[in-house]
Amino acid sequence: MTDRDRHEACPSCFARTSSLCLGVESTSSFNRAAAVAKEVRMSDQPSRKTFRARLDHMTATLRGDIVTGKLRPGDFLPSERDMTKQFRLSNKLVRAALERLVEEGLIEKIPRVGNRIADRLPDLAVTLKFGYHASLARDAELARLLDDFHLAHPSIRVQPIPIAFDHYAETVDSYIENGLLDVVSMNYNNFYEFRARGRLDLLQPLAADEGAYPFLNDAFTFEGKQYVRPFVFSPLVLCYNIDHLEEAGLPVPYRPDGWRTLLGDASRLTVENERFGFYFFLHSKNRWPVFVLQSGLGEDAAASASDDPERFAARITEGLNLCREIIYAPNAFPTFLSGSDADAEELFAQRKVSIIMTSYLSLNALRESDIRYDVVPLPVWREDATILMAIGLAVGARSEAKAAATAFVEFMTSERAQQALRSHTLSIPAHARAAEREGAETMYRPPGYRRFKEMIPSMRLFTDMNVSPDKMNAIMNEAKLYWAKLQSETGMRRKIADLLRGG
136 MTDRDRHEAC
146 PSCFARTSSL
156 CLGVESTSSF
166 NRAAAVAKEV
176 RMSDQPSRKT
186 FRARLDHMTA
196 TLRGDIVTGK
206 LRPGDFLPSE
216 RDMTKQFRLS
226 NKLVRAALER
236 LVEEGLIEKI
246 PRVGNRIADR
256 LPDLAVTLKF
266 GYHASLARDA
276 ELARLLDDFH
286 LAHPSIRVQP
296 IPIAFDHYAE
306 TVDSYIENGL
316 LDVVSMNYNN
326 FYEFRARGRL
336 DLLQPLAADE
346 GAYPFLNDAF
356 TFEGKQYVRP
366 FVFSPLVLCY
376 NIDHLEEAGL
386 PVPYRPDGWR
396 TLLGDASRLT
406 VENERFGFYF
416 FLHSKNRWPV
426 FVLQSGLGED
436 AAASASDDPE
446 RFAARITEGL
456 NLCREIIYAP
466 NAFPTFLSGS
476 DADAEELFAQ
486 RKVSIIMTSY
496 LSLNALRESD
506 IRYDVVPLPV
516 WREDATILMA
526 IGLAVGARSE
536 AKAAATAFVE
546 FMTSERAQQA
556 LRSHTLSIPA
566 HARAAEREGA
576 ETMYRPPGYR
586 RFKEMIPSMR
596 LFTDMNVSPD
606 KMNAIMNEAK
616 LYWAKLQSET
626 GMRRKIADLL
636 RGG
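Residues 136 to 638, numbered by my numbering, are exactly what the sequence shown covers, in order.
The following block contains the structure:
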C-alpha cells in the first residue's frame, strides 16, 4: 500500500484530501471530536473514554484553528495552565495533545517561553464539498466569491456541487447524512422541511451573524439554536419597463395604489401582437401565495387553520379570486401563458411584457439587458404584505472538516464577501451594512433598488399564513382547477375547508 493509499483509507484522517495523514493513533477526525460534548455530559465522573474524547477534541480544535488561519505561523498558543481550564484536561493530557501537534509539525515548543505555531507548516489542504442551489451561480456570482475565498484561505479548496431545485431538501438530507456534503445552501422553505421532519440534527448549530438583519437570523433559528447563516434575501416586487410606461403616459416613478389600478394600467400598456401589460409565473410557490397573505390570512398569528377552517377557507378563496381576476383581466395579462412555466424575466427582457412580479434574485437575469427598468413594492390589498425569500448557508453535522466548513460559511457571510456580492449582482446581501452601502455602481441598478428597506416591515415568510406546506400544495391543486374554470368558487372553498380540517 502506498502512502497515498494509506492516507485515503485512513478513517481518522483530518481531511479526506489532505496530503498529511495523521494516523489512527496520532490524531482524531472531526467526526470523533464532534461527539465530545455528548460524552462529557453523560457522566459527572469522567471516564478514561471521556478524557480521550477531550484530548481528541483539544487536538482537533487546535488543528482546525491552524488550518483555517485563526492561528498563524509564529502565533503563540495560550499557556498550558489556561488550556487545562479551556479543555478540562490535566496538565499531563494537555502536554500529550501538544506533543501530537509537535509530531505533526504544526507547533514547536520554545523552552521556558511556550508553544508556537510552526513557521513552515506541512501541507494541510482540505477540500470542502459545497452543495448549492444552481441559481446561486448567477444570483450570487458564486465563482467570484469562491476565488476570493481561495485567495484568503489557500489551504482550503471548495468543490461546488450544483443541486437541482426539485426535491432539493430530500437530496441534501441524503447527501449530508452520508457525509457527502460539508456545506449547503438552504432557503427558508428547505430549512422548514428539515425542521418539520425532525432532521435539524443533520445541521451544525452556528453562531448568530451580528452583521445580518436580525429578522433573517430569526428565520433560521429554532429552539434557541441557529442552524443557517443568512446569505441573500429578497421581497417580492414589481419591475416595470420605464420606456413603456412613459410611452403610455403613465407616471414614472410608478406606484399603483392597488391591484385593480395595476390591471387598468396594464391594459393601457398592452399592444396587440407585440406585448402584454403585466405577467408573473402563476404556479410559483413564491408568487400566488402573496394574494392569500394580502387577504388578511396572517392577521391573527396565533390562529390555526384547523381551529377555524371556514374562516381560513373563505380568506384563501378571496385571495385566489383576486388571482383569477388578474389572469382573466381583458387586454392586461397573457392568459394562455398563465399555466405554463414561461420565464417572466425572459419575456420582460424581450420587451414582451411591461410589468412583472419578480424578486431581486431573479432580476439578475436582466444584468445583460439594455432595458431601463425600476422596481417598486407590490400593490396593497387588505394587508400590506410581500413574500420574503431568504437563502443561507449551513454546515453538515457529519462533516469531517467542520472547522474549515465553518470558516467558509463565515467568509461568505462576512462584510467583505457580502460587499462583493452587492457590487456584482442585484441580489440583496444579508449583511445590513453591505446591503445598504452607497457609492459608485459597477453595473446598472434600478433607481428604486434601495426601497427594499421600506419593505422590511411587510415581508412575510410562507409560514405566516398559518397553513402547513403540505396543505398549501393541496390548495394549489384545487386552485389550478378553479383558475382553469373546471370547478366553481363554492366547490373550491368547500374542498379547502375540508383540507384544513385534516380531511
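All residues carry an ideal CB built from backbone N, CA and C; glycine is no exception.
Would residue i pass as a contact of residue j if the rule is Cβ separation under 8 Å?
i           : j           : result
residue 321 : residue 527 : yes
residue 323 : residue 525 : yes
residue 600 : residue 428 : yes
residue 530 : residue 541 : yes
residue 499 : residue 432 : no
residue 349 : residue 565 : no
residue 539 : residue 363 : no
residue 268 : residue 291 : no
residue 468 : residue 461 : yes
residue 489 : residue 380 : yes
residue 263 : residue 556 : no
residue 228 : residue 186 : yes
residue 502 : residue 311 : no
residue 385 : residue 400 : yes
residue 189 : residue 233 : no
residue 559 : residue 548 : no
residue 510 : residue 463 : no
On the DSSP letters alone, give me the boundaries of the alpha helix (DSSP H) that residue i sits inside.
i           : result
residue 606 : 604–618
residue 325 : 323–331
residue 491 : Note, residue 491: premise wrong, no alpha helix (DSSP H); beta strand (DSSP E) at 488–494.
residue 307 : 303–312
residue 561 : First-last for residue 561: undefined, no H or E at that position.
residue 446 : 444–462
residue 582 : Taken as a continuous stretch (DSSP letters only), residue 582 belongs to no alpha helix (DSSP H), as it is neither H nor E.
residue 206 : First-last for residue 206: undefined, no H or E at that position.
Classify residue i: buried if its beta carbon has 16 or more other beta carbons within 10 angstroms, exposed otherwise.
i           : result
residue 171 : Because residue 171 carries a pLDDT of 39, less than 50, the predicted location of this residue cannot be relied on, and no value is offered for it.
residue 623 : exposed
residue 245 : exposed
residue 637 : exposed
residue 266 : buried
residue 301 : exposed
residue 274 : buried
residue 305 : exposed
residue 351 : buried
residue 436 : Per-residue confidence for residue 436 stands at a pLDDT of 49, beneath the threshold of 50, marking its modelled position as unreliable; the derived number appears in the next sentence. By the 10 Å Cβ count, residue 436 comes out exposed.
residue 178 : Because the pLDDT of residue 178 is 39, which lies under 50, any placement of that residue in the model is unreliable, and the number read from its coordinates should be weighed accordingly. Under this definition residue 178 is an exposed residue.
residue 327 : buried
residue 211 : exposed
residue 165 : Low local confidence applies: a pLDDT of 38 at residue 165 is under 50, so the model's placement there is unreliable, with the coordinate-based value given in what follows. It counts as buried.
residue 278 : exposed
residue 621 : exposed
residue 388 : exposed
residue 205 : exposed
residue 493 : buried
residue 627 : buried
residue 325 : buried
residue 162 : In this predicted model, residue 162 has a pLDDT of only 35, less than 50, meaning its place in the structure is not dependable enough to derive any value.
residue 91  : Residue 91 lies beyond the range of the chain shown here (136 to 638); nothing can be said about it.
residue 430 : buried
residue 451 : buried
Of all the options the options, which has the alpha carbon lying nearest to the alpha carbon of residue i?
i           : options               : result
residue 495 : 255, 270 and 247      : 270
residue 209 : 222, 249 and 228      : 249
residue 608 : 420, 256 and 480      : 420
residue 515 : 551, 373 and 546      : 373
residue 513 : 413, 545 and 441      : 413
residue 238 : 247, 252 and 485      : 252
residue 615 : 411, 448, 423 and 563 : 423
residue 593 : 220, 196, 355 and 517 : 517
residue 497 : 197, 325, 369 and 319 : 369
residue 425 : 611, 336 and 359      : 611
residue 543 : 241, 319, 233 and 632 : 319
residue 241 : 361, 218, 197 and 231 : 197
residue 317 : 335, 331, 329 and 294 : 294
Starting from residue i, trace the beta strand (DSSP E) in both directions and tell me its first and last residue.
i           : result
residue 243 : 242–245
residue 296 : 291–298
residue 509 : 508–512
residue 268 : 261–268
residue 524 : 521–530
residue 251 : 249–252
residue 334 : Residue 334 -> no beta strand (DSSP E), and no H or E assigned at all.
residue 412 : 411–414
Does the region 339–354 come close enough to the region 280–289 that 3 or more CB-CB pairs lie under 8 Å? no
Count Cβ pairs between the region 393–410 and the region 590–598 that sit closer than 8 Å; are there 3 or more? no
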